[in-house]
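Straight run, no breaks: the sequence shown in the working numbering ends on number 114. What follows is a single structure, written as structure tokens, with notes after it.
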Amino acid sequence: MHEMAYADEIRQLVDQNRQGKKIVAVTVETGKLAGIVPEALSFCLETTLQEAFGEQVVVTLNCVDGEALCACGTSFKVSEPFQACPNCQGYRKTITSGKDVFLKSFEIEDEDE
Ligand SMILES: [Zn+2]
Numbered sequence: 002m003h004e005m006a007y008a009d010e011i012r013q014l015v016d017q018n019r020q021g022k023k024i025v026a027v028t029v030e031t032g033k034l035a036g037i038v039p040e041a042l043s044f045c046l047e048t049t050l051q052e053a054f055g056e057q058v059v060v061t062l063n064c065v066d067g068e069a070l071c072a073c074g075t076s077f078k079v080s081e082p083f084q085a086c087p088n089c090q091g092y093r094k095t096i097t098s099g100k101d102v103f104l105k106s107f108e109i110e111d112e113d114e
């Protein structure tokens, strides 16, 4: 189950960048071509991040379209791997994005309030 591996990677990344501060929210983005189950990833993220940083952490997971570049020179958005090019209807495309799971942003607690 690689959703857990992704969740763990996100946790490490947040931990490295939070400068010892308290985390309140984490937003993660996943490409629709990443081959993960969004519900499973969402669950893993919530479990992993709340365990590491506390139950106050609000986890948001956004699923975004990927992008592909066709052999005919057209680049287009793809939401599933076997999508044809809208210009030439062909399948000779290279996926240029949409296969990644990454940390979009995170919020730390504002100590002044
Ligand atoms: Zn094309």
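Every residue gets a Cβ at the ideal spot worked out from N, C-alpha and C, and that includes glycine.
Asked: Closest residue to Arg-93 among Lys-78, Ser-106, Asp-101 and Cys-73 (Cα-Cα distance); Found: Cys-73
Asked: Residues that Leu-14 bridges to, as DSSP identifies them; Found: Note: Leu-14 sits in no beta bridge, so no partner.
Asked: When Leu-70, Val-79, Glu-47 and Arg-19 are compared against Asp-9, the one with the closest alpha-carbon; Found: Glu-47
Asked: Contact the stretch 99-109 vs the stretch 4-19: 3+ CB pairs below 8 Å; Found: yes
Asked: Three-state secondary structure (DSSP) of Glu-47; Found: helix
Asked: Cβ-based burial, Ala-6 [other Cβ within 10 Å; buried from 16]; Found: exposed
Asked: CA-to-CA distance, Gly-91 to Phe-44, given in whole angstroms; Found: 37 Å
Asked: Nearest-angstrom Cα separation, counted from Gln-57 out to Val-65; Found: 26 Å
Asked: Anticipated Cβ contact below 8 Å, Val-38 with Glu-81, distance rounded; Found: Going by Cβ atoms, the distance from Val-38 to Glu-81 rounds to 14 Å, so no, they are not a contact pair.
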